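**Student:** Attaching a single structure in structure tokens format; questions to follow.
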Amino acid sequence: MSERLSSFMYGVYAWMTCALVLTACTAYYIALVPQVFAIIYGNGFTLFGLFLVQIGLIVGLSRFLHRMTLITALLMFLCYATLVGATLSIVFHVYTTASIFSAFLTTAGMFGGMSIYGYMTRSDLTAMGNIAIMMLWGLILGVVVNMFLRSPGIDFVLSGAGVIIFTLLTAYDTQKIKQLGQQMLTDQEMMEKVMILGALTLYLDFINLFLYLLRFMGRRRN
42 MSERLSSFMY
52 GVYAWMTCAL
62 VLTACTAYYI
72 ALVPQVFAII
82 YGNGFTLFGL
92 FLVQIGLIVG
102 LSRFLHRMTL
112 ITALLMFLCY
122 ATLVGATLSI
132 VFHVYTTASI
142 FSAFLTTAGM
152 FGGMSIYGYM
162 TRSDLTAMGN
172 IAIMMLWGLI
182 LGVVVNMFLR
192 SPGIDFVLSG
202 AGVIIFTLLT
212 AYDTQKIKQL
222 GQQMLTDQEM
232 MEKVMILGAL
242 TLYLDFINLF
252 LYLLRFMGRR
262 RN
């Protein structure tokens, strides 16, 4: 059983890594091609449409996973990662390359440490996860309010809060994914689908942690 669980978690991290590489390559390519970048960021409707499709893909994967084939779930996940890369291409125009690289390395270290903790610990992280989720709702509310206030000070505080929240969620989500994997060990098909959902969850934790770290410590271009 431990070997199957290890294989399951390896698959989760492997697909998460594939999605991150796909996102990074897409973002970098679009940032380098002015014509493609202009299509996305030169028209608010295009960007809004991309966000809507991303939300649709996440909702679809989360709610209808049990009805999908493994290939469908995987294609939806990779499509989502590509669209995220398209929307994140702007970071290469806003922040210096050194800042992006530094934020990525810091994210990788923090994510790796907390994910290992979430996997290895025998403590129940449910309470911590619930607190982090409540803090996340507060963060979302703060972001919406600051869209109107446009306060650099509030933005700095929200960025720091975002780093803390997604650091905690990384450990909590890892433990939750491990527990789901243990429940699915006798159902190979469902276990492979849950593997994709787990990869999506940790992918979102990584991306959000990276973005908040970049906002918190990133150096903007002149």
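Here the sequence shown is numbered in my numbering, starting from 42 and rising by one per residue.
The beta-carbon is built from N, C-alpha and C at its ideal position, and this holds for glycine as well.
Owing to the predicted nature of the structure, the values given are computational and were not obtained by experimental measurement.
#1: Please go through the same chain and pick out, in chain order, the residues whose beta-carbon is closer than 7 Å to the beta-carbon of A72, but skip the five residues on each side of it.
#2: How far does the alpha helix (DSSP H) with N171 in it reach, from first residue to last?
#3: Buried or exposed for A139, please, with buried defined as at least 16 other CB atoms from any protein chain shown within 10 angstroms of its CB.
#4: Cβ atoms of L102 and L238: under 8 Å apart, would you say?
#5: Can you list the alpha helix (DSSP H) stretches of 4 or more residues lying completely in the stretch 98–144, in chain order?
#6: Please work out which residues of its chain come closer than 6 Å, Cβ to Cβ, to L210, disregarding the five sequence neighbours upstream and downstream, and give them in chain order.
#7: Just mark R191 as buried or exposed, buried being the case when its beta carbon has 16 or more other beta carbons within 10 Å.
#8: Is it buried or exposed, I157, if we count other Cβ atoms within 10 angstroms and call 16 or more buried?
#9: Which residue marks the beginning of the alpha helix (DSSP H) containing V62, and which one marks its end?
#10: Since R262 contacts Y136 with CB under 8 Å, what's their CB separation in whole angstroms?
#11: Taking the C-alpha atoms as reference points, what is the distance between T273 and L93?
#12: Ordered along the chain, which non-local residues of its own chain (more than five positions away) have a Cβ less than 8 Å from that of F251?
#13: Out of curiosity, what's the CA-to-CA distance linking I96 and T128?
#14: From Y160, D165, R260, S164, pick the residue whose C-alpha is nearest to that of V53; which is it?
#15: Starting from M231, trace the alpha helix (DSSP H) both ways and give me its first and last residue.
#16: Using only alpha-carbon positions, find the residue among L124, L241, L226, G150 that is nearest to A55.
#17: What are the start and end residues of the alpha helix (DSSP H) that includes S200?
#18: How many Å lie between G90 and G83 at the Cα?
#19: Where DSSP assigns a beta bridge to I261, which residues make up the other side?
**Tutor:** By the coordinates alone:
#1: Closer than 7 Å at Cβ, skipping near neighbours: F78, S130, F133, H134.
#2: For N171, the enclosing alpha helix (DSSP H) covers residues 167–190.
#3: A139 is exposed by the Cβ-count criterion.
#4: Yes, Cβ-Cβ distance for L238 and L102 is below 8 Å.
#5: Those alpha helix (DSSP H) runs which fall completely within the stretch 98–144 and span 4+ residues are 111–129, 132–135.
#6: Excluding sequence positions up to five before and after L210, its CB lies within less than 6 Å of the CB of A173, D246, all in the same chain and listed in chain order.
#7: With a threshold of 16 other beta carbon atoms within 10 Å, R191 falls short and is exposed.
#8: The C-beta of I157 has fewer than 16 other C-beta atoms within 10 Å across all chains shown, which makes the residue exposed.
#9: Per DSSP, V62 is one residue of the alpha helix (DSSP H) stretching across 43–73.
#10: Right, the Cβ-Cβ distance comes to about 7 Å (below 8 Å), so this counts as a contact.
#11: The requested residue 273 does not occur in the structure, where the chain is confined to residues 42 to 263.
#12: Taking F251 as the centre and dropping the five residues before and after it, the same chain places the C-beta of A144, F145, T148 closer than 8 Å to its C-beta, in chain order.
#13: Distance between I96 and T128, taken at the CA atoms: about 13 Å.
#14: The residue from Y160, D165, R260, S164 with its alpha-carbon nearest to that of V53 is Y160.
#15: Segment 229–258, the alpha helix (DSSP H) holding M231.
#16: When L124, L241, L226, G150 are compared, the shortest CA-CA separation from A55 is found for L241.
#17: Counting along the chain, the unbroken alpha helix (DSSP H) around S200 starts and ends at 193–224.
#18: Across the structure, G90 and G83 are spaced so that their CA atoms are roughly 13 Å apart.
#19: Here the sequence assigns Arg to residue 261, which means Ile is not the residue at that position. Answer is Y136, bridged to R261.
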